[in-house]
Each structure stands twice: as C-alpha cells, then as structure tokens.
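**Q**
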Amino acid sequence: MNDNDNRSIDRRSVIKAAASAGLVGLAGCSGGAPEDGGGGDGGDGSDGGDGESTDSSTDSGSETYTIGMVDSLSGSLSAFGQRNQRGKEIALDDVNSVGVGGGELAISQQDDQSTSQGGVSAAQTLVNQEEVPLLIGTVGSGVSTAIHESVVQNTDVVQISQNSTSPNLTNFPDLLRMPPAGKAQAEAISTLLDEDGNESAALAWINNDYGQSVGEAFIDAYDGEIVYNEPHDQGQSSYSSTISSMSDTDADAWVFITYQPEFATMSQEAFDLGVTDQAAWYGGDSVKGPKVLESAPEGSLDGMKAVVPSVPQDAENYQAFVSEFEERFGEEPTSWSAYAYDAVVVSALAIEAADEFTGSALMEVVRDVTRPEGEEATTYEAAHEILANGGSPSDVDYTGVSGPIDLDENGDPVGLLQVFEVVDHAYESAGFIEG
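For the sequence shown, position 369 (counting from the first letter as 1) is numbered 369 according to full-length UniProt numbering, and the numbering increases by one without interruption.
Encoded structure:
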C-alpha cells in the first residue's frame, strides 16, 4: 500500500532542492534522430547533443521528477542511440499523459560518444552534479559496466541499461537491463552452426567487454573446433588482416561478434578479396542492419544468419507501439526502440511505487513492478492505475512492449531472440528462440 500524500511531501522537498540548483523543469522535448528500417538494426549517426533535457510542458506548480539518461548519440553505436531516442520519446509522452507521482517525468540526457570514457564523464555529470536518483544507460556493455563501476556502484542510484547484452552484466546485480543477456545469443548461434553442419568455426570478436564475453559464451557452447579466435579493435579503417587470417583457416563457418561499422568494412574487404563464399557467415545482434546491406555488394551476404533480441510481434501492446511509431516516424520500430521505451516506463513505475524519490527507495521497488507475481499490466496506464488505487509494487506485473521483463536477482530479464537470414540482399525472419 502507498501513502501518496506523505510520498508527495518527501518528493516535493527533493524537487525544490533540485529546482534551486537548476536541475529540473528544463523546457523542450526530444525530437529524436532518423532511425533505420523496421524489425532490424542500423543507422547513420545522430544529431543529439550533450546535456539535452527532455520534458513535456507542465502546468505551473506541478512536480517534475527528473531522471538521467546516458545514450550513444554519436560514435560507432549511434545507430542504437537513434532507436533509443524515438522509443524514449513515445514512452515519455505515454507516461506524462497519465502522470507520475502527481506530476510529470523529465529526462536529463548526456552523450557517451560510444566510449567508456565518454560514458563515465556523462554519468558523472548526471549523478554527481545533477544528482539524479535513477540513470538509464547505456548501449555498449563495456560502457555500461564502466559507468557502474566508476560512478554508480556503492551509491543509491539505480542504473537500467536500455541496450547492453554482455553476459558480464549478470555479475553486477544492481545493474539492471531490458534486453536478454548475450549468452543466450551466443548459445543460439552455436545451435545454428551445429544444425547447419558446421564442424569448425573462425571467431572474430571486437576487443571490449561485449565482444569478449559473448565470444567466450559461444566457445563454451560450440561443440565444433575453433580454428581462429582473435579480437579486433574498434574504429579501424581496415580489417583485411582479420579477413585474410579467417580465410587461411578453411573454417566451415565464420562468426562475427562485432559492431555494424566494423562488420560493414569486413564484409566489403571480404568481397574485394573474393572470399565471401568460402564459409557460412553468422553474427550477433550488432552486425545486423540496413546500413550493412547498403554498404555490401549486392548478394555478397546472402545466406548469412544473425541472432538478435526480439519482441512479441503479435502482442497487442507491441502492435499499438508499432502503430504509434509508424504514425510519428513513417517506419517500423526495432527491438532496441522497444527496450528503450520499457526502460523509461519501468523507471516511471518505480517512481510511482516508491515511498520517496530517492535511489534507495526506487531500488526497493523497481524489480517488483516487473515480476509475474503481480497483476499483468501491458501499458503504463494500466500499471499506474493499480498503484494509484493503493496497490503495492508486487501487485503489478508490467509486461512491456518488448515482452515480459521479470527482472531477476541479477537484474536480467527474460527474453526472446529472433534469427534472421539474408536472402536476395534482404533480411528475412528464420524463426524465434526463447532466451
């Protein structure tokens, strides 16, 4: 049961203190940046900048609850940041059309530039200077863990990653996330290789937490022979040495755990070297996207399979999200947009459910509002109604547009994975796997 009147008093004192420091009530609403096509991944940069605060206009005297968001608005992960911006925008409008804690939600935002250093600096601004009690962030798994270890850990701040999939995040129970862990992806890729009769594999992984942990999970799951297992650095102008070394192994399958810009370069160089047909190609979530196909010669990637986090495409709330997204932006959302949407909604539900607007109070309830013991609510409005009518956090089971969340003791959700295959230079669904 919630004492909303007492909670409002506690929150009001926090908001007044923050407002005196100029931290809340910032005008403007994020318009987002162009996003890639439906159902997949990809993008081409963002026009978002540092220090953006997104908020719907508020009536004079209403309370504003400001949380932080670190996102990849520039750099090699900006394609993901674009998706996040649009999902965040819709979520913010959905939350504020209903209200939260008697007021409205605002998001103060910083760009991590797709780097750990940028992420830590962005988080320090939000946590240490603006003193947000909850931080959504971020895309890259290594960046999320750097933020957690350098800024969030041993504080009362709640951190929810909107996109990070590295298995290593499981080692940080207070680092929550919306997408399923990359271990499930790695195991699914291994299963695909086995089912397709590949007895040996060459593995190329990007030299960071994401690449290493997902690569290790693949090696643990794969029954065949690993004949190449080497990292590559992010942002290089050429990866011809990687492709040449993989080619020299005569492996049955090539597995890429890397990012879209790096993979786009690799696929072009493989075509230039005439080795695209030498092995079957497989990849994780971060190698799939329209921009990859646009940069690859026609037909050069046909037959490649990629495993990506997915959404319950037939669910009513997801279809409503798709309709709103298409109406606003003229294209379908991706699973990453859905994860960002749910990160905002879960944050708002935690604010509604908590006794006060502090990190420690939010951490006490943030898992509970997603768990299956409560009454299922597939929209923010429905979940908010349960809480506003006196329900406790455990009375709510928010099932998001990305599917059931059910955050466990490690901060991991349940998840759904989808397999895509490139056919006639286009992505086609090849089935679903429960993560």
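Beta carbons are placed, not taken as given, at the ideal position from N, Cα and C, and that holds for glycine.
It should be emphasised that the depicted structure is a prediction, and the values quoted were computed from it without experimental measurement.
Can you list the beta strand (DSSP E) stretches of 3 or more residues lying completely in the region 270–303, in chain order?
**A** Listed in chain order, they are 280–283.
**Q** Could you tell me the boundaries of the beta strand (DSSP E) in which T399 lies?
**A** Here the question's residue 399 lines up with position 399 in the sequence shown. Unbroken beta strand (DSSP E) run through T399: 396–400.
**Q** Closest by CA to V346, which one among G415, E331, G400?
**A** Counting from one through the sequence shown, the residue named residue 346 turns up at place 346. Here the closest residue by C-alpha is G400.
**Q** Near Q418, what residues of its chain come up, given a Cβ to Cβ distance below 7 Å and the 5 sequence neighbours on each side ignored?
**A** Looking up residue 418 in the sequence shown gives position 418. So the qualifying residues of the chain are V308, S310, S429, F432.
**Q** Can you give me the Cβ contacts of T265 inside the same chain, cut-off strictly under 6 Å, excluding the 5 residues immediately before and after it?
**A** Numbered from 1 along the sequence shown, position 265 holds the residue referred to as residue 265. Here the set comprises Y239.
**Q** Do G142 and S114 have their C-beta atoms within less than 7 Å of each other?
**A** If you number the sequence shown from 1, residue 142 lands on position 142. If you number the sequence shown from 1, residue 114 lands on position 114. Not a contact, by the Cβ cut-off of 7 Å.
**Q** In chain order, what residues of the same chain lie with their CB nearer than 7 Å to the CB of S295, ignoring the 5 residues before and after it?
**A** What you label residue 295 is simply residue 295 of the sequence shown in a count that begins at 1. Closer than 7 Å at the Cβ level, and outside the excluded window around S295, lie A264, Q268.
**Q** Closest to N410 by C-alpha separation, out of Q185, S161, I147, would be which residue?
**A** Position 410 of the sequence shown, counting from 1, holds the residue named residue 410. For the residues Q185, S161, I147, the minimum Cα distance to N410 belongs to S161.
**Q** Distance check for T370 and G38, CA to CA, integer angstroms please.
**A** For the purposes of this step, residue 38 is identified with residue 38 of the sequence shown, where counting begins at 1. For the purposes of this step, residue 370 is identified with residue 370 of the sequence shown, where counting begins at 1. In this prediction, G38 scores a pLDDT of 32, lower than 50, which makes its location untrustworthy; the coordinate-derived value is nonetheless stated afterwards. Cα-Cα distance, rounded: 27 Å.
**Q** Whole angstroms is fine: what's the gap from D196's alpha carbon to D342's?
**A** As a first step, residue 196 is located in the sequence shown; it is residue number 196 there, counting from the start. As a first step, residue 342 is located in the sequence shown; it is residue number 342 there, counting from the start. So the two alpha carbons sit approximately 35 Å from each other.
**Q** Ordered along the chain, which non-local residues of its own chain (more than five positions away) have a Cβ less than 6 Å from that of S200?
**A** Position 200 of the sequence shown, counted from the start, is the residue given in the question as residue 200. G224, E225, V227, A251, D252.
**Q** For the ligand SAH, I want to know if S286 counts as a neighbour, meaning its beta carbon is within less than 6 Å of at least one of the ligand's heavy atoms.
**A** In the structure shown, the ligand SAH is absent, as is every other ligand, since no ligand is present at all.
**Q** Find the nearest neighbour of Q117 within the set V70, L387, D248, judged by alpha-carbon distance.
**A** As a working note, residue 117 is residue 117 in the sequence shown. Per the Cα distances, V70.
**Q** Could you check the C-alpha separation between L362 and A221 for me, to the nearest Å?
**A** Here residue 362 refers to the residue found at position 362 of the sequence shown. Here residue 221 refers to the residue found at position 221 of the sequence shown. Answer to the nearest angstrom: the Cα atoms are 37 Å apart.
**Q** Kindly identify the DSSP beta-bridge partner or partners of I67.
**A** In the sequence shown, the residue the question calls residue 67 occupies position 67. Bridge partners of I67: I107.
**Q** Output the distance between the C-alpha atoms of Y259 and N389, rounded to the nearest integer angstrom.
**A** To locate residue 259, count along the sequence shown from 1; it is residue 259. To locate residue 389, count along the sequence shown from 1; it is residue 389. Going by the C-alpha atoms only, they are around 45 Å apart.
**Q** Alpha carbon to alpha carbon, what distance is there between I405 and A348?
**A** As a working note, residue 348 is residue 348 in the sequence shown. As a working note, residue 405 is residue 405 in the sequence shown. Whole-angstrom Cα-Cα distance: 15 Å.
**Q** Would you check if there are 3 or more beta carbon pairs closer than 8 Å linking the region 145–156 to the region 119–134?
**A** Cβ pair count under 8 Å is three or more, so yes.
**Q** Does the region 377–389 come into contact with the region 84–102, if we say contact requires no fewer than three beta-carbon pairs (one atom in each stretch) closer than 8 Å?
**A** Yes: at least three Cβ pairs fall under 8 Å.
**Q** Out of curiosity, what's the CA-to-CA distance linking S402 and P372?
**A** Working through the sequence shown from its first residue, we reach residue 402 at position 402. Working through the sequence shown from its first residue, we reach residue 372 at position 372. If I take the Cα positions, the gap works out to 15 Å.
**Q** Of the residues G274, S247, P231, T249, which one's Cα is nearest the Cα of E262?
**A** Translated into the one-based positions of the sequence shown, residue 262 becomes position 262. Comparing Cα-Cα distances from E262 to each of G274, S247, P231, T249, the minimum goes to P231.
**Q** Quick check on the burial criterion: 16 or more other C-beta atoms within 10 angstroms. Buried or exposed for L273?
**A** As a first step, residue 273 must be located in the sequence shown, where it is residue number 273. Exposed, because fewer than 16 other Cβ atoms sit within 10 Å of the Cβ of L273.
**Q** Measure the Cβ-Cβ separation of S213 and S166 and say whether it is below 7 Å.
**A** Taking the first residue of the sequence shown as 1, we reach residue 213 at position 213. Taking the first residue of the sequence shown as 1, we reach residue 166 at position 166. Taking 7 Å as the Cβ cut-off, S213 and S166 qualify as a contacting pair.
**Q** What distance in whole Å lies between the Cβ atoms of A181 and T170, which are believed to be in contact at a cut-off of 8 Å?
**A** Position 170 of the sequence shown, counted from the start, is the residue given in the question as residue 170. Position 181 of the sequence shown, counted from the start, is the residue given in the question as residue 181. About 6 Å separates the two Cβ atoms, so the contact holds.
**Q** Determine the extent of the beta strand (DSSP E) in which N229 is found, giving its start and end residues.
**A** The residue you call residue 229 lines up with position 229 of the sequence shown. 225–232 is the extent of the beta strand (DSSP E) around N229.
**Q** Hey, would you say M246 sits closer than 7 Å to A217, going by beta carbons?
**A** For the purposes of this step, residue 246 is identified with residue 246 of the sequence shown, where counting begins at 1. For the purposes of this step, residue 217 is identified with residue 217 of the sequence shown, where counting begins at 1. No, the Cβ-Cβ distance between M246 and A217 is not below 7 Å.
**Q** Specify the secondary structure class of G403 as computed by DSSP and reduced to three states.
**A** Along the sequence shown, one-based indexing puts residue 403 at 403. Strand at G403.
**Q** Report the partner residues of R177 according to the DSSP bridge assignment.
**A** For the purposes of this step, residue 177 is taken as the residue at position 177 of the sequence shown. S161, per the DSSP bridge assignment.
**Q** Tell me the residue span of the beta strand (DSSP E) that contains Q418.
**A** Here residue 418 refers to the residue found at position 418 of the sequence shown. Here the beta strand (DSSP E) through Q418 covers 416–423.
**Q** Please state whether DSSP places G215 in a helix, a strand or coil.
**A** Walking along the sequence shown from the start, residue 215 turns up at place 215. Helix, per DSSP.
**Q** Using DSSP with H/G/I as helix, E/B as strand and the rest coil, what is S429?
**A** In the sequence shown, residue 429 corresponds to position 429, counting from 1. Strand at S429.
**Q** If you follow the alpha helix (DSSP H) that V120 is in, where does it begin and where does it stop?
**A** By 1-based counting over the sequence shown, the position of residue 120 is 120. Looking at the DSSP string, the run of the alpha helix (DSSP H) that includes V120 is 116–124.
**Q** Straight-line CA distance for E327 to L92?
**A** Numbered from its first residue, the sequence shown carries residue 327 at position 327. Numbered from its first residue, the sequence shown carries residue 92 at position 92. Computed Cα separation, rounded: 16 Å.
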